Every structure is written in structure tokens, then in C-alpha cells.
Amino acid sequence: MARTPTPGTRDTILTAAAGLFYEYGVRAVGMAQVVEVAGCGKNLLYRHFPSKAELAAAYLDLVRRERAQSAGEALRWAGTPADRLIALVSEIADWVRRPGYRGCAFRNYLTEFPGEDDEPARVAKTYLADTRAEVDRLVGQLGVPEPELLAARIWLIVNGLYASTPEQAPTAVAWVKELVTELVTAHR
Numbered sequence: 029m030a031r032t033p034t035p036g037t038r039d040t041i042l043t044a045a046a047g048l049f050y051e052y053g054v055r056a057v058g059m060a061q062v063v064e065v066a067g068c069g070k071n072l073l074y075r076h077f078p079s080k081a082e083l084a085a086a087y088l089d090l091v092r093r094e095r096a097q098s099a100g101e102a103l104r105w106a107g108t109p110a111d112r113l114i115a116l117v118s119e120i121a122d123w124v125r126r127p128g129y130r131g132c133a134f135r136n137y138l139t140e141f142p143g144e145d146d147e148p149a150r151v152a153k154t155y156l157a158d159t160r161a162e163v164d165r166l167v168g169q170l171g172v173p174e175p176e177l178l179a180a181r182i183w184l185i186v187n188g189l190y191a192s193t194p195e196q197a198p199t200a201v202a203w204v205k206e207l208v209t210e211l212v213t214a215h216r
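In this text, residue positions in the sequence shown follow my numbering: the first is 29, and each later residue adds one.
Laid out in C-alpha cells, this is it:
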């Protein structure tokens with residue numbers, strides 16, 4: 029008779045995998061490591077996540093939800109489109125300053141698996157496209173000349189932030205906030 033999984037088993041496995049994938053990269057982590065860290069059997073792991081790709085997609089979706097919640101909180105209190113844009117970039121800047129920051133999970137996956145079109149790659153690409161679309165939307169609401177140029181500049185700053193190291197982050201955070209404020213003000 030099959031055992032009934034303990035409630036929360038899927039979340040326990042996903043949390044273990046997320047920590048491993050983020051720290052070491054998806055390619056470097058074997059399913060045996062996930063089993064060991066999660067403290068579950070291999071059969072249970074594969075019952076919840078039939079493949080490593082499905083586990084990686086769930087991990088990236090978890091990160092996407094965390095990022096959406098964090099960005100939503102930052103945007104909640106910002107009033108004008110300019111304030112919202114600065115709040116969005118500031119939230120990203122604050123995210124990269126967190127202890128243990130090891131790069132953007134989505135960009136990391138796409139770097140590990142260039143050219144892939146599997147479910148994890150689709151989750152990563154969709155998140156990045158949605159974030160870029162949000163920047164474009166907010167810039168479009170500013171009523172500035174050449175909104176595409178301003179959006180491209182801000183997106184370049186965002187990409188630079190995600191690529192920075194924790195040691196660079198404190199300086200980068202201050203600079204990014206200044207740069208975004210200057211860019212938005214100059215294009216008004």
C-alpha cells in the first residue's frame with residue numbers, strides 16, 4: 029500500500045531544490061542532492077516532480093511569485109508613473125543587496141541552458157519579458173519624448189543591477205536611484 033505523502037512535502041522538496049539550484053546552478057545539482065537535502069525518498073520526489081525540468085520550472089515559478097510580491101509591495105505606495113518607475117528599479121536594487129545574492133535566477137538559468145526552449149526557459153523568458161513590458165508601460169505613462177530610448181536605458185540599468193556582485197550592490201543601489209531619477213527628470 030502506497031504511503032500518503034505528508035502535507036507540505038511538495039513545498040519541502042521545492043524549497044530544498046530552490047536553495048540548491050540558486051546556490052550551485054540547475055545543471056550542477058543532481059536529483060540525489062535534492063533528495064538528501066529535502067529528506068525524502070526518490071520515489072516521492074519523482075511523484076511530485078517527474079523530471080528535473082519540471083522541478084526547475086517550479087523553482088523559477090516560485091522565484092517569479094516572490095519577485096512579483098516584492099515588486100507589488102514596492103509599487104503599492106508609489107503614486108506617479110515616475111515614482112512607480114523609480115520604486116520598481118529601487119526594489120530591484122534592494123533585491124540584489126540581500127545576503128546570499130547570487131544573480132538573477134532567470135538570467136542564471138538562461139545562461140546555463142542557452143538556446144533551450146523547455147518549460148524552465150519559458151518561465152524565465154516570460155518573467156523577463158513581463159518585467160521589461162512593465163518598464164515600457166511605466167515609461168510610456170511619463171509622456172516623455174522618445175519613450176523607447178528612456179525605457180532601453182532603464183532596462184540596461186536593471187540588467188547591470190542583476191549582474192552586479194553583493195560587494196558592488198551598495199554603491200550600485202545609490203547610483204541607480206540617482207540615475208533613474210535623473211533620466212526620468214531629464215525626459216519630462
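For glycine and all other residues, C-beta sits at the position ideal for the given N, C-alpha and C.
Here the structure is a predicted model, which is why all the values come from computation and not from measurement.
**Asked** In chain order, what residues of the same chain have a beta carbon less than 7 Å from the beta carbon of A110, not counting five sequence neighbours either side?
**Response** The residue given as residue 110 occupies position 82 in the sequence shown. Beyond the five residues adjoining it in sequence on each side, A110 comes within less than 7 Å, by CB distance, of L170, V212 in the same chain, given in chain order.
**Prompt:** When the Cβ atoms of the region 154-162 are set against those of the region 189-208, are three or more pairs found closer than 8 Å?
**Reply:** Cβ pair count under 8 Å is below three, so no.
**Prompt:** DSSP state of E174, grouped into three classes?
**Reply:** As a position in the sequence shown, residue 174 is number 146, starting the count at 1. In the three-state scheme derived from DSSP, where H, G and I count as helix and E and B as strand, E174 is classed as coil.
**Item:** Straight-line gap, E144 to V57 (C-alpha atoms, nearest Å)
**Value:** On the sequence shown, position 116 is the one that residue 144 refers to. On the sequence shown, position 29 is the one that residue 57 refers to. Straight-line measurement puts the Cα of V57 at about 18 Å from the Cα of E144.
**Request:** Ignoring anything shorter than 4 residues or poking outside the region 80-148, list the alpha helix (DSSP H) runs there in chain order.
**Result:** Counting only runs of 4 or more, we get 80-104, 109-124, 133-140.
**Asked** If L88 and V151 are in contact, beta carbons under 8 Å, what's the gap, nearest whole angstrom?
**Response** As a position in the sequence shown, residue 88 is number 60, starting the count at 1. As a position in the sequence shown, residue 151 is number 123, starting the count at 1. 4 Å between Cβ atoms; contact.
**Message:** Please return the same chain residues whose Cβ sits closer than 8 Å to the Cβ of Y190, not counting the five positions on each side in sequence.
**Reply:** For this step, residue 190 is matched to residue 162 along the sequence shown. In its chain, beyond the 5 residues on either side, I120, V124, G131, C132, R135 have a beta carbon closer than 8 Å to the beta carbon of Y190.
**Simplified DSSP state of F65, which is helix, strand or coil** = The residue given as residue 65 occupies position 37 in the sequence shown. The question names Phe, but residue 65 in the sequence shown is Val. Residue state, collapsed to three classes: helix.
**Prompt:** Mapping DSSP to helix, strand and coil, what is E195?
**Reply:** If you number the sequence shown from 1, residue 195 lands on position 167. Reduced to three states, the DSSP call for E195 is coil.
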